[in-house]
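Participant: For the record, the sequence lines run as chains A and B. Taken in order, the first sequence gives residues 1 to 168; the numbers are from the numbering used here. Taken in order, the second sequence gives residues 1 to 168; the numbers are from the numbering used here. Using N, Cα and C, we set each Cβ at its ideal position, and we do this for glycine too. A quick note: this is a predicted structure, and the numbers were derived from the prediction, not measured. Here it is: the structure, laid out below.
2 protein chains.
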Amino acid sequence: MSRTVAKDGLGGRRSDCPINFAVEVLGDRWSLVILRDIVFWGKRTYGELLRSDERIATNVLASRLRHLEKEGVIQRSPDVHDRRKDRYDLTESGIALIPLLVELTCWSARNERWRSLTHGGTEAQHRFVAGLLDARTKSRLVRKVHDAARRGSHFFEGITPVSNPRNK
Amino acid sequence: MSRTVAKDGLGGRRSDCPINFAVEVLGDRWSLVILRDIVFWGKRTYGELLRSDERIATNVLASRLRHLEKEGVIQRSPDVHDRRKDRYDLTESGIALIPLLVELTCWSARNERWRSLTHGGTEAQHRFVAGLLDARTKSRLVRKVHDAARRGSHFFEGITPVSNPRNK
DNA sequence: CCGAATACTTGCGTATTGCAAGTGATATTG
DNA sequence: CAATATCACTTGCAATACGCAAGTATTCGG
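Written as structure tokens, this is what we have:
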């Protein structure tokens with residue numbers, strides 16, 4: 001018996017368009033920010049994700065995590081060492097989002113409105129963003145982020161983040 | 001005199017993160033769908049954009065167009081041939097979003113949940129999506145979409161779209 | 001056993017989206 | 001030139017999503 005899909009064949013989606021599909025999975029104010037924290041900073045628990053620079057509300061985080069799990073982008077599992085905790089790991093489909101996250105970064109990196117903001121963060125972050133402006137370096141970086149994710153690790157491994165000044 | 005920015009240097013943004021920046025510009029249920037119609041189908045007027053496959057509500061379209069204009073992604077101008085109409089054209093910043101739109105398409109193209117939907121559309125659309133699965137073809141396609149946009153044209157020029165069966 | 005940590009839920013106010021109808025200006029038709 | 005159609009919206013209202021503060025159940029460490 002195959003997966004249940006409405007008789008229009010769209011399974012409740014607004015259309016069969018691949019861009020619309022991605023928008024229905026990721027098109028909100030938080031999903032991609034959550035995935036950023038998982039991919040680049042290795043956050044894996046609810047509490048870690050809650051402490052994002054952008055200060056996501058606790059009920060919204062819960063709602064987005066369920067959504068992303070339902071869409072097959074992340075997978076929840078109990079933490080074996082601490083039974084209070086759950087882990088949220090990327091699925092294959094989630095790992096496949098890395099080029100998209102890089103492309104978002106790349107677009108902002110070339111955007112004047114973004115560049116005119118005050119930028120904090122670590123040296124590693126600045127070098128990453130600067131590297132994306134060169135095509136060769138960029139594809140090398142995508143591979144690195146990808147490899148880290150496959151190892152169950154994350155890109156800024158070993159780097160201590162510097163938090164948003166607003167959150168002091 | 002420089003553009004006014006709040007004293008935190010973030011100009012009202014939630015953080016200085018480039019991914020968050022892109023999310024604040026594009027992270028909603030409609031912005032990328034509107035840009036898809038402009039880039040791939042050459043829609044330029046309010047009425048054309050209103051007739052999207054996904055059936056955007058008229059007030060929401062008005063709101064999103066103002067938002068995208070304010071964010072510098074599109075530019076509004078009166079139609080010289082018909083004074084009832086306005087044109088919405090991509091800015092440089094909007095053209096720079098093409099790789100992102102392609103990446104969204106690419107992710108869905110590899111996603112089983114998307115592939116299991118019933119797919120309509122034209123032969124040209126199917127060939128485009130299939131082409132994205134090969135890296136060489138993909139970068140050639142990005143260039144083609146880009147070139148069309150620079151000419152003030154669009155990728156599926158001359159192709160008549162087939163509409164969503166839901167909208168009959 | 002007890003206080004702290006963790007992953008949530010609940011309640012409530014505001015903002016965004018969805019739906020249907022209406023409006024004023026311009027273009028087209030007879 | 002008058003009637004009608006087209007076009008880009010606006011308005012009103014309901015439903016959903018988001019933001020904020022507080023509370024709860026379970027587990028951990030001591």
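Would you kindly check if the distance between the Cβ of V142 of chain A and the Cβ of T105 of chain A is under 8 Å?
Facilitator: Going by C-beta atoms, T105 of chain A is not nearer than 8 Å to V142 of chain A.
Participant: State the beta-bridge partners of Y46 of chain A as determined by DSSP.
Facilitator: According to DSSP, Y46 of chain A bridges with nothing at all.
Participant: So what does DSSP say about S163 of chain A, is it helix, strand or coil?
Facilitator: coil
Participant: List, in order along the chain, the chain A residues whose C-beta lies closer than 9 Å to that of S108 of chain B?
Facilitator: Result: C17, P18, I19, N20, F21, A22 and V25.
Participant: With 8 Å set as the bound, which would you pick, yes or no: does the beta-carbon of P99 of chain A sit closer than that to a beta-carbon of chain B?
Facilitator: yes
Participant: Can you give me, in chain order, the residues of the stretch 79–91 of chain A that have a beta carbon less than 8 Å from any beta carbon in chain B?
Facilitator: Result list empty, no residue passes.
Participant: Within the same chain, show all residues whose beta-carbon is closer than 8 Å to that of H119 of chain A, passing over the 5 residues directly before and after it, in chain order.
Facilitator: H126
Participant: Could you have a look at S93 of chain B and say whether DSSP puts it in helix, strand or coil?
Facilitator: helix
Participant: Determine whether the beta carbon atoms of I34 of chain A and R64 of chain A lie at a separation below 8 Å.
Facilitator: In this structure, the beta-carbon distance from I34 of chain A to R64 of chain A falls below 8 Å.
Participant: Determine, using beta carbons only, whether T122 of chain B comes closer than 8 Å to chain A.
Facilitator: no
Participant: What's the gap between the Cα of S116 of chain B and the Cα of P78 of chain B?
Facilitator: 42 Å
Participant: DSSP puts L74 of chain A in a beta bridge; with which residues?
Facilitator: In the sequence under discussion, the amino acid at residue 74 of chain A is Ile, which differs from the Leu named in the question. DSSP output for I74 of chain A lists A:L90 as bridge partner(s).
Participant: Based on Cα-Cα distance, which residue from A:D147, A:N59, A:E157 and A:G94 lies nearest to V73 of chain A?
Facilitator: A:G94
Participant: Does any residue of chain A have a CB that is nearer than 8 Å to the CB of H146 of chain B?
Facilitator: no
Participant: Can you list the residues of chain A that E157 of chain B reaches, using a CB-CB cut of under 8 Å?
Facilitator: Near E157 of chain B there are no residues of chain A at all, since even the closest Cβ is about 18 Å away, more than 8 Å.
Participant: Buried or exposed: which applies to G12 of chain A, given that a residue is buried once 16 or more other Cβ atoms fall within 10 Å of its Cβ?
Facilitator: exposed
Participant: What does the alpha-carbon distance come out to for the pair L189 of chain B and I56 of chain B?
Facilitator: Given a span of 1 to 168 for chain B in the structure shown, any question on residue 189 of chain B remains unanswerable.
Participant: Pull out every residue of the stretch 42–62 of chain A whose Cβ sits closer than 9 Å to any Cβ of chain B, in chain order.
Facilitator: Of all residues in the stretch 42–62 of chain A, only S52, D53, E54 and R55 come within less than 9 Å of chain B when Cβ atoms are compared, listed by chain position.
Participant: Y32 of chain A versus chain B: which residues are under 7 Å apart at the beta carbon?
Facilitator: The identity of residue 32 of chain A in the sequence shown is Leu, whereas the question assumes Tyr. Using a Cβ-Cβ cut-off of 7 Å, L32 of chain A is close to I19, V23 and G27 of chain B, given in chain order.
Participant: Please return the same chain residues whose Cβ sits closer than 6 Å to the Cβ of H146 of chain B, not counting the five positions on each side in sequence.
Facilitator: Closer than 6 Å at Cβ, skipping near neighbours: I98.
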